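Taking it in order: structure first as structure tokens, then the write-up.
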Amino acid sequence: MKMNVYQEISQIIKEADGILIGASNGLSIAEGYNIFADDAWFQENMGDFREKYGLRCVLHGFSVPMKVEEKWAFVSRLVKAKAMQDGPSEIMKNIYALERV
1473 MKMNVYQEIS
1483 QIIKEADGIL
1493 IGASNGLSIA
1503 EGYNIFADDA
1513 WFQENMGDFR
1523 EKYGLRCVLH
1533 GFSVPMKVEE
1543 KWAFVSRLVK
1553 AKAMQDGPSE
1563 IMKNIYALER
1573 V
């Protein structure tokens, strides 16, 4: 009897050394974090860079020329705010749970 497609995929995942999940910016947007938006989060957390450099969004901050120290300040604040302070979201927990199946 042939396995259905979901069973087959599940078996492939179980046998793999690892998997890479790519979701681009859609996953961030689903979590409420939009690197393209001049939204309340961006204004609250990166407002000084917004004012000084005329930034319109997080992504814009990576393309605007800044002194090296300023660029690292921008990046480190972003990492601290989005990667170090926020715990895993429900979306990330669900993806992790799928991977552990």
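Going by my numbering, the sequence shown opens with residue 1473, and the numbers climb by one from there.
We treat Cβ as the ideally placed atom computed from N, Cα and C, and that holds for glycine.
Computed from a predicted model, the values in this text were never measured in an experiment.
Quick one: give me the first and last residue of the alpha helix (DSSP H) that E1480 is part of. Per DSSP, E1480 belongs to the alpha helix (DSSP H) from V1477 to E1487.
Could you tell me the distance, in whole angstroms, from the CA atom of A1569 to the CA atom of K1539? Going by the C-alpha atoms only, they are around 42 angstroms apart.
Is it right to say L1527 is buried, meaning 16 or more other beta carbons lie within 10 angstroms of its own, or is it exposed? So L1527 counts as buried.
Simplified DSSP state of E1503, which is helix, strand or coil: In the structure shown, E1503 sits in coil (DSSP, three-state: anything other than H, G, I, E or B).
Give the DSSP-derived three-state secondary structure of M1518 in the structure shown. In the structure shown, the three-state DSSP call for M1518 is helix.
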